[in-house]
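Undergrad:
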Amino acid sequence: MDPRRVLLIFAVCSFAIWLLDACVRDEATSRGDDQIYELMAQDPATTHTFPFAYRVLVPTIVHVLPFGHTFSFSLLAWLCSGGAGAITYVLLRRFAVREALAAAIGLILATSPGLLVVSLRDGRNTDAATVFLMLLAVLLMVDRRPRALAATLLVAALTRESAMFLVPLTYALWAARPVDVDAARLTAVVCAPAVTVYAALRLGIPTVGREQVLGYGEGLIEGRIENLRRGLDRWTTEGRRIFTQFGPLWLVAPLALRDTPFVRRGLVLFAGCLVSMTFALDWGRMMLLAAPVVVVAAGVVLQRHGRRVVVPVLVGCALLNVGYAVHMHRTGVAEGIDNNSLPPYPVR
Numbered sequence: 090m091d092p093r094r095v096l097l098i099f100a101v102c103s104f105a106i107w108l109l110d111a112c113v114r115d116e117a118t119s120r121g122d123d124q125i126y127e128l129m130a131q132d133p134a135t136t137h138t139f140p141f142a143y144r145v146l147v148p149t150i151v152h153v154l155p156f157g158h159t160f161s162f163s164l165l166a167w168l169c170s171g172g173a174g175a176i177t178y179v180l181l182r183r184f185a186v187r188e189a190l191a192a193a194i195g196l197i198l199a200t201s202p203g204l205l206v207v208s209l210r211d212g213r214n215t216d217a218a219t220v221f222l223m224l225l226a227v228l229l230m231v232d233r234r235p236r237a238l239a240a241t242l243l244v245a246a247l248t249r250e251s252a253m254f255l256v257p258l259t260y261a262l263w264a265a266r267p268v269d270v271d272a273a274r275l276t277a278v279v280c281a282p283a284v285t286v287y288a289a290l291r292l293g294i295p296t297v298g299r300e301q302v303l304g305y306g307e308g309l310i311e312g313r314i315e316n317l318r319r320g321l322d323r324w325t326t327e328g329r330r331i332f333t334q335f336g337p338l339w340l341v342a343p344l345a346l347r348d349t350p351f352v353r354r355g356l357v358l359f360a361g362c363l364v365s366m367t368f369a370l371d372w373g374r375m376m377l378l379a380a381p382v383v384v385v386a387a388g389v390v391l392q393r394h395g396r397r398v399v400v401p402v403l404v405g406c407a408l409l410n411v412g413y414a415v416h417m418h419r420t421g422v423a424e425g426i427d428n429n430s431l432p433p434y435p436v437r
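In structure tokens, the structure reads:
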């Protein structure tokens, strides 16, 4: 694969998300969760709010960069979104998806609502970095590069706890049979550094506000049930958020289950996303983490069809991304971010 082409796609995707962000008003000031990340960037060593305090990588990078925090957070978001688009292209090419289609899906993901909203929050969010690292990790799993994968998983563990979903996915993709001792041993070796670092973060970093976070103050079982009840009570909102993450790609992706073993094994990642819905209420953000499986499934299906199917799906995705940007510029940022109610937990 020509590295220059990958770099070109990275540049195009990064420019596209920057341009889209430039055309849409950003949040007026950081507040709530965004303010927590800003406080972490100002002083990474002090005590911060649970569970944000464990997501140390992005705020620490911002802390050491020689730029203003707003620019540094935004720059990381643009680069990670562009990187997600470029890795999507490379991953799809591994599944023999033609170049133009792979590049188009990469661009769609890079400018998708889930990644755009990170830029609109001036980058004070870990979603873009998480999606980029998860895509990179899955690419390394497909290429069977254990050392590079171990390093990527370790970095991902410092970024967001959802990176732990990649541990069972590694075994699912590498196992030749349901019980594969050799695959289990290799998976354990590769994932051990990331699991150790994650455990160290959870045990070694003090936090505040754990009891005030929805789903954590009610108890282990009761909290999961309560979060499910809250999510189902607002199923129209959560359903809309889930659909907008990938738009029409959701409609074609399930068709890959029958003939694509990677997609069937990738259901392990979906299971992790579903479990995470019992710990957090923004279910759209949870399903964004399934991006590696969704983009491959959609790409494989679209590869089998001609323009009569491909063009409407891609155009529908593009219209969704642009429509979401227009909505956020007109009312979404003001109503959903600037004037949104503050969280029940302390902002520290």
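The sequence shown maps to residues 90 to 437 in our numbering.
Each residue gets a CB set at the ideal place from its N, CA and C atoms; glycine is no exception.
#1: Please state if the CB of residue 251 and the CB of residue 378 are separated by a distance shorter than 8 Å.
#2: How should residue 334 be labelled, buried or exposed, when 16 other C-beta atoms within 10 angstroms of its C-beta is the threshold for buried?
#3: When the Cα of residue 351 is compared with those of 260, 92, 322, 278, which residue comes out closest?
#4: What three-state label does DSSP hand residue 159 in the structure shown?
#5: From the DSSP output, in three-state form, read off residue 349 for me.
#6: Can you check which of these residues, 149, 145, 416, 163, is closest to residue 119 by C-alpha distance?
#7: In the DSSP assignment, find the unbroken alpha helix (DSSP H) run with residue 293 in it and report its ends.
#8: Assuming residue 262 contacts residue 230 (C-beta within less than 8 Å), just tell me the rounded distance between them.
#9: Candidates 432, 434, 431, 427: which alpha carbon is nearest residue 206's?
#10: Any idea if residue 314 is buried or exposed, counting beta-carbon neighbours within 10 angstroms, 16 or more meaning buried?
#11: Across which residues does DSSP place residue 137 in a beta bridge pair?
#12: Who are the Cβ neighbours of residue 345 in its own chain at under 7 Å, not counting the five residues just before and after it?
#13: In whole angstroms, what is the alpha-carbon distance linking residue 317 and residue 310?
#14: Around the Cβ of residue 158, are there at least 16 other Cβ atoms within 10 angstroms (buried) or fewer (exposed)?
#15: May I ask whether a heavy atom of the ligand HEM can be found less than 7 Å away from the beta carbon of residue 94?
#16: Hey, which unbroken runs of the alpha helix (DSSP H) at 4 residues or more fall wholly within the segment 214-274?
#17: Does the beta-carbon distance from residue 238 to residue 226 come in below 8 Å?
#18: With a threshold of 8 Å, are at least 3 pairs of Cβ atoms found where one atom belongs to the segment 104-124 and the other to the segment 269-280?
#19: Measuring CB to CB, does residue 341 end up less than 8 Å from residue 402?
#20: Answer with buried or exposed for residue 137, where buried requires no fewer than 16 other C-beta atoms within 10 angstroms of its C-beta.
#21: Could you check where the alpha helix (DSSP H) with residue 152 kicks off and where it finishes?
#22: Out of curiosity, what's the CA-to-CA distance linking residue 359 and residue 376?
#23: Would you kindly work out how many angstroms separate the C-alpha atoms of residue 142 and residue 295, rounded to a whole number?
#24: Given a cut-off of 8 Å on the beta-carbon distance, is the pair residue 366 and residue 395 in contact?
#25: Thinking C-alpha only, which one of 213, 331, 140 is nearest residue 152?
#26: Apart from the five residues just before and just after residue 180, which ones in its own chain have a Cβ nearer than 6 Å to its Cβ?
#27: Which whole-angstrom value describes the C-beta separation of residue 165 and residue 240, a residue pair presumed to lie in contact below a C-beta threshold of 8 Å?
#28: So residue 208 is in the alpha helix (DSSP H); what residue range does that whole segment cover?
#29: Excluding the 5 residues flanking residue 273 on each side, which residues of the same chain have their C-beta closer than 7 Å to its C-beta?
#30: Which first and last residues belong to the alpha helix (DSSP H) in which residue 410 is found?
#31: From residue 392 to residue 198, what distance separates their C-alpha atoms?
#32: When burial is assigned at 16 or more other CB atoms within 10 Å of the CB, is residue 134 buried or exposed?
#33: Should residue 441 and residue 104 be called a contact, given that it needs their Cβ atoms to be closer than 8 Å?
TA: With the given structure in hand:
#1: In this structure, the beta-carbon distance from residue 378 to residue 251 falls below 8 Å.
#2: It counts as buried.
#3: Minimum Cα distance to residue 351 is reached at 260.
#4: Of the three classes helix, strand and coil, the one that applies to residue 159 here is helix, per DSSP.
#5: Of the three classes helix, strand and coil, the one that applies to residue 349 here is coil, per DSSP.
#6: Closest by alpha carbon: 163.
#7: Residue 293: member of the alpha helix (DSSP H) spanning 270-293, first to last residue.
#8: Yes, they are in contact, since the Cβ atoms of residue 262 and residue 230 sit about 5 Å apart, within 8 Å.
#9: Checked all of 432, 434, 431, 427; the closest Cα to residue 206 is 427.
#10: Here residue 314 is exposed. Its C-beta has fewer than 16 other C-beta atoms within 10 Å.
#11: In DSSP, residue 137 forms a bridge with 296.
#12: If we look at residue 345 and ignore the five residues flanking it on each side, its Cβ neighbours are 352, 386, 389, 390.
#13: If I take the Cα positions, the gap works out to 11 Å.
#14: So residue 158 counts as buried.
#15: With respect to the ligand HEM, the structure shown offers nothing to examine, as it has no ligands at all.
#16: Segments of the alpha helix (DSSP H) lying fully in the segment 214-274: 216-232, 235-248, 255-263.
#17: Yes, the Cβ-Cβ distance between residue 238 and residue 226 is below 8 Å.
#18: No, the segment 104-124 is not in contact with the segment 269-280.
#19: The beta carbons of residue 341 and residue 402 sit closer together than 8 Å.
#20: So residue 137 ends up on the buried side.
#21: In the DSSP assignment, residue 152 falls within the unbroken alpha helix (DSSP H) covering 146-153.
#22: Those two C-alpha atoms are separated by around 8 Å.
#23: Between residue 142 and residue 295, the alpha-carbon positions lie close to 8 Å from each other.
#24: The answer is no: Cβ separation not under 8 Å.
#25: Of the candidates 213, 331, 140, the one whose C-alpha sits nearest the C-alpha of residue 152 is 213.
#26: Taking C-beta separations shorter than 6 Å and ignoring five residues to either side along the sequence, the partners of residue 180 in its chain run 228, following chain order.
#27: Contact flag wrong, Cβ pair sits at about 19 Å.
#28: Unbroken alpha helix (DSSP H) run through residue 208: 202-209.
#29: Excluding positions up to five away in sequence, the list reads 260.
#30: It spans 396-416 - the alpha helix (DSSP H) in which residue 410 sits, taken as one unbroken run.
#31: Rounded to the nearest angstrom, the gap between the Cα atoms of residue 392 and residue 198 is 17 Å.
#32: Residue 134 is exposed by the Cβ-count criterion.
#33: Residue 441 is absent from the model: the chain starts at 90 and stops at 437.
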